[in-house]
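First up is the structure itself, then whatever we jot down about it.
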Amino acid sequence: MVSSNPLFRGGMSIRKKFAATVINDIWPEVVFFTLVATMVYLVSEKTDTKLAFKSSLLTVLGLALGLVISFRTSSAYERYQEGRKMWTSITTLSRNLAQTIWIHVPNERPNKEGERHISVLEAIVEKKTMINLIQAFSVSVKHYLRGESGVYYQDLYPLVCFLPRYTGGSRTDADMLPMWHASEDGEHPYDHSEAPAHPRSSSTMSEPLAMLEKRPPHSRANSIFSTLGRSTKKRHSFDPEKVLPTVHVHRPLRPARNPPATTIYDYFPFLRIFKMIAKLFRSKRDTDESIGWRGLLRRRYKQAALGDSNVPIEISLFLHNYTNYVIRQGLVQPATASSLVNNLNIMQDTLSNLERIGNTPLPFAYQAHLRMSLWIYLFFLPWQIYADLSYLIIPATAFASFLLLGFLEIGQEIENPFNYDANDLDLDSFCLAIQRELHEITAHTSPEPYDFIYSSWNQPFAPADRRTAQDIIDAGLDSYVRKGEESQVMPGMMSVRRTLLQGWKDVDVQTRKI
1 MVSSNPLFRG GMSIRKKFAA TVINDIWPEV VFFTLVATMV YLVSEKTDTK LAFKSSLLTV
61 LGLALGLVIS FRTSSAYERY QEGRKMWTSI TTLSRNLAQT IWIHVPNERP NKEGERHISV
121 LEAIVEKKTM INLIQAFSVS VKHYLRGESG VYYQDLYPLV CFLPRYTGGS RTDADMLPMW
181 HASEDGEHPY DHSEAPAHPR SSSTMSEPLA MLEKRPPHSR ANSIFSTLGR STKKRHSFDP
241 EKVLPTVHVH RPLRPARNPP ATTIYDYFPF LRIFKMIAKL FRSKRDTDES IGWRGLLRRR
301 YKQAALGDSN VPIEISLFLH NYTNYVIRQG LVQPATASSL VNNLNIMQDT LSNLERIGNT
361 PLPFAYQAHL RMSLWIYLFF LPWQIYADLS YLIIPATAFA SFLLLGFLEI GQEIENPFNY
421 DANDLDLDSF CLAIQRELHE ITAHTSPEPY DFIYSSWNQP FAPADRRTAQ DIIDAGLDSY
481 VRKGEESQVM PGMMSVRRTL LQGWKDVDVQ TRKI
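Just so you know, we're using the UniProt record's numbering here: the sequence shown kicks off at 1 and counts up by one.
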């Protein structure tokens with residue numbers, strides 16, 4: 001089957017497809033080198049001066065430069081693929097942790113002297129809360145990799161707002177835990193004097209289904225800031241934050257997805273040189289505004305400084321603490337406890353690998369030298385091929401510039417696959433997929449096996465024996481007894497095994513293509 005062409009398949013508008021290419025990034029350079037080729041041709045044809053060099057070094061330099069560009073692109077793609085593998089690991093680990101907590105941690109807790117008894121409902125709330133923290137871990141990793149510090153986001157804060165804010169009984173700024181202290185922006189200080197509000201629904205909790213049916217289709221959080229960052233058009237379409245808890249917040253929540261605004265510099269990259277010069281002059285008056293040459297030359301949004309608080313680490317500490325709690329209370333078997341600890345440790349290792357990918361770009365000297373070498377090569381390319389191609393040096397130079405500069409720009413764009421570029425990994429969809437799967441896990445009722453195995457819908461021995469499980473149990477082993485088997489310890493067991501063997505033969509024949 002032929003795979004569909006990504007240029008023509010649906011799912012993206014023409015504008016988004018064009019933005020996903022590197023044409024809008026490289027076209028000024030392509031135009032420049034094409035104009036150089038045009039100049040070489042016109043001067044050579046219209047004057048007595050022949051702008052032509054011998055092409056003896058063309059093959060050698062072109063081959064070497066092509067290999068270096070290929071290495072640059074392949075190394076960037078390896079980082080892209082490794083980033084995707086790490087997110088696959090986060091998805092798998094989130095499933096494993098949620099399944100282990102939801103199924104293996106019991107709802108019925110034994111009574112212990114001197115300790116408060118935990119009811120079944122409290123146990124379910126406890127487990128669902130920890131699974132929500134697993135969901136918060138992936139969301140916090142998304143924001144952390146994008147350089148978005150803190151927890152005040154529409155898709156993260158409702159999942160972690162109940163976590164402790166202070167080290168002890170004192171409610172002061174000095175006693176705030178690192179995750180909360182690093183999240184404060186100074187513009188909306190947290191009021192330490194009053195306890196956080198706990199909004200309650202006017203409906204009775206004994207009628208949750210009626211409450212859900214009567215809820216307005218576009219209900220929002222109680223905070224006046226809850227609608228900030230969301231457009232009116234978005235409110236009537238895709239809005240995954242609607243399903244998150246309704247909580248009180250003392251400051252505006254930043255949107256779950258906050259890509260940099262598209263500006264004229266994205267379509268005319270050569271104008272960035274003027275922006276760079278202007279900012280360099282301003283930086284002399286205000287050193288805090290200086291962002292350096294490297295950041296000005298690249299189309300990249302300004303990232304927040306990391307290091308004040310690693311929110312994913314803070315969340316994982318609470319998950320480790322819960323694991324220690326269930327082990328200390330004897331609620332899980334040693335094998336289950338080992339699984340929980342191992343999954344959490346692997347999750348930490350995955351986070352470290354993601355940090356390595358996001359925080360370790362290729363050396364700037366390597367990138368700058370490669371780009372300058374390519375510019376020099378393309379500048380002198382028409383001078384070397386004029387004698388052989390004449391006027392064809394113009395389209396030949398344009399094609400060579402488009403080819404080589406395109407691969408170089410692709411490598412630079414996918415080097416850090418966690419940002420908002422069209423070709424970066426869709427971290428938002430990864431987090432939403434994890435959210436859906438975790439809610440699907442908690443929707444599982446964990447029934448006893450005998451509640452569904454011995455059902456009239458189950459035909460365990462098909463296709464050799466198409467009786468239902470209940471019919472087989474009612475008939476007993478006597479229905480499988482044949483002549484010569486009466487002397488066995490368990491009469492009929494040989495026929496049961498023969499039935500299973502026949503079932504394998506039928507399946508093996510029917511599922512193979514001739």
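Ideal placement from N, C-alpha and C gives every residue a C-beta, glycine not left out.
For clarity, every value in this text was computed on a predicted model and none was experimentally measured.
Sequence-distant residues of its chain with Cβ nearer than 7 Å to residue i (five each side left out)
{"i": "Met-176", "result": "Arg-165, Tyr-166"}
{"i": "Ser-55", "result": "Gln-384, Ile-385"}
{"i": "Val-40", "result": "Leu-51, Pro-382, Trp-383, Tyr-386, Ile-393"}
{"i": "Leu-351", "result": "Val-141, Pro-312"}
{"i": "Val-341", "result": "Thr-323"}
{"i": "Gly-168", "result": "Asp-175"}
{"i": "Pro-361", "result": "Glu-415, Asn-416"}
{"i": "Glu-111", "result": "Checking the sequence shown, residue 111 turns out to be Asn, not Glu. Cβ neighbours of Asn-111 beyond the five flanking positions: His-117."}
{"i": "Asn-458", "result": "Thr-468, Ala-469"}
Cβ-based neighbour list, residue i, same chain, cut-off 8 Å, excluding 5 preceding and 5 following
{"i": "Tyr-157", "result": "Val-151, Val-247, Val-249, Leu-253"}
{"i": "Ile-103", "result": "His-444, Ser-446"}
{"i": "Gly-503", "result": "Phe-461, Ala-462, Pro-463, Ala-464, Asp-465"}
{"i": "Ser-44", "result": "Lys-50, Leu-51, Ala-52, Tyr-386"}
{"i": "Ala-398", "result": "Val-30, Phe-33, Thr-34, Ala-37"}
Supposed close pair residue i, residue j - CB separation, criterion 8 Å
{"i": "Gln-135", "j": "Ile-434", "result": "6 Å"}
{"i": "Ala-418", "j": "Thr-73", "result": "Ala is not the amino acid found at residue 418; the sequence shown has Phe there. Wrong, their Cβ atoms sit about 18 Å apart, outside the cutoff."}
{"i": "Gly-358", "j": "Asn-423", "result": "In fact, because the Cβ distance is near 16 Å, the residues do not count as touching under 8 Å."}
{"i": "Ile-393", "j": "Tyr-386", "result": "5 Å"}
{"i": "Tyr-322", "j": "Met-130", "result": "5 Å"}
{"i": "Leu-374", "j": "Leu-65", "result": "6 Å"}
{"i": "Tyr-454", "j": "Gln-470", "result": "6 Å"}
{"i": "Arg-84", "j": "Leu-425", "result": "6 Å"}
{"i": "Glu-409", "j": "Ile-26", "result": "5 Å"}
{"i": "Ala-396", "j": "Leu-389", "result": "6 Å"}
Near the ligand ATP: residue i beta-carbon under 7 Å from a heavy atom
{"i": "Met-86", "result": "Among the components modelled here there is no ligand, and therefore nothing to report on the ligand ATP."}
Among the options, nearest to residue i - alpha-carbon criterion
{"i": "Leu-378", "options": "Glu-241, Ala-400, Gln-99, Asn-107", "result": "Ala-400"}
{"i": "Ser-119", "options": "Pro-240, Pro-106, Tyr-144", "result": "Pro-106"}
{"i": "Leu-97", "options": "Gly-62, Arg-79, Phe-137", "result": "Phe-137"}
{"i": "Cys-431", "options": "Leu-133, Gln-367, Asn-321, Met-39", "result": "Leu-133"}
{"i": "Glu-122", "options": "Glu-108, Gly-114, Lys-112", "result": "Glu-108"}
{"i": "Leu-501", "options": "Ala-475, Ala-464, Ala-398, Leu-319", "result": "Ala-464"}
{"i": "Arg-95", "options": "Phe-318, Asn-343, Val-30, Leu-389", "result": "Asn-343"}
{"i": "Leu-99", "options": "Pro-260, Ser-339, Phe-318, Trp-383", "result": "As written in the sequence, residue 99 is Gln, which differs from the Leu given in the question. The residue with the shortest Cα to Cα distance from Gln-99 is Ser-339."}
{"i": "Tyr-80", "options": "Val-507, Lys-513, Arg-497, Gly-411", "result": "Gly-411"}
{"i": "Leu-159", "options": "Glu-241, Arg-356, Ala-398, Leu-331", "result": "Glu-241"}
{"i": "Leu-61", "options": "Asp-478, Leu-370, Thr-499", "result": "Leu-370"}
{"i": "Ile-441", "options": "Arg-251, Gln-333, Ile-101, Gln-367", "result": "Ile-101"}
{"i": "Glu-437", "options": "Gly-114, Thr-92, Thr-59", "result": "Thr-92"}
{"i": "Arg-497", "options": "Tyr-480, Tyr-420, Tyr-391, Val-507", "result": "Tyr-480"}
{"i": "Ser-183", "options": "Tyr-391, Arg-251, Val-243, Phe-364", "result": "Arg-251"}
{"i": "His-143", "options": "Thr-172, Val-125, Pro-255", "result": "Pro-255"}
{"i": "Tyr-391", "options": "Val-22, Gly-476, Leu-42, Ala-261", "result": "Leu-42"}
{"i": "Lys-128", "options": "Pro-245, Met-347, Val-22", "result": "Pro-245"}
{"i": "Ile-90", "options": "Phe-238, Ser-456, Gln-348, Asp-478", "result": "Gln-348"}
{"i": "Leu-58", "options": "Arg-171, Lys-112, Ile-376, Gln-510", "result": "Ile-376"}
Identity of the residues DSSP links to residue i by a beta bridge
{"i": "Tyr-153", "result": "Arg-254"}
{"i": "Tyr-166", "result": "Met-176"}
Which of helix, strand or coil DSSP assigns to residue i
{"i": "Trp-87", "result": "helix"}
{"i": "Thr-73", "result": "helix"}
{"i": "Val-243", "result": "helix"}
{"i": "Glu-82", "result": "helix"}
{"i": "Gly-114", "result": "coil"}
{"i": "Tyr-420", "result": "coil"}
{"i": "Lys-279", "result": "helix"}
{"i": "Arg-146", "result": "coil"}
{"i": "Val-43", "result": "helix"}
{"i": "Arg-436", "result": "helix"}
{"i": "Asn-458", "result": "coil"}
{"i": "Ala-396", "result": "helix"}
{"i": "Cys-431", "result": "helix"}
{"i": "Ser-55", "result": "coil"}
{"i": "Thr-129", "result": "helix"}
{"i": "Thr-499", "result": "helix"}
{"i": "Lys-50", "result": "coil"}
{"i": "Lys-16", "result": "helix"}
{"i": "Ala-64", "result": "helix"}
{"i": "Tyr-190", "result": "coil"}
Neighbourhood of residue i by C-beta, 6 Å cutoff - its chain only, sequence neighbours within 5 removed
{"i": "Asn-353", "result": "Met-86"}
{"i": "Asp-428", "result": "Arg-257"}
{"i": "Glu-314", "result": "Met-179"}
{"i": "Tyr-420", "result": "Pro-259"}
{"i": "Ala-76", "result": "Gly-411, Ile-414, Glu-415"}
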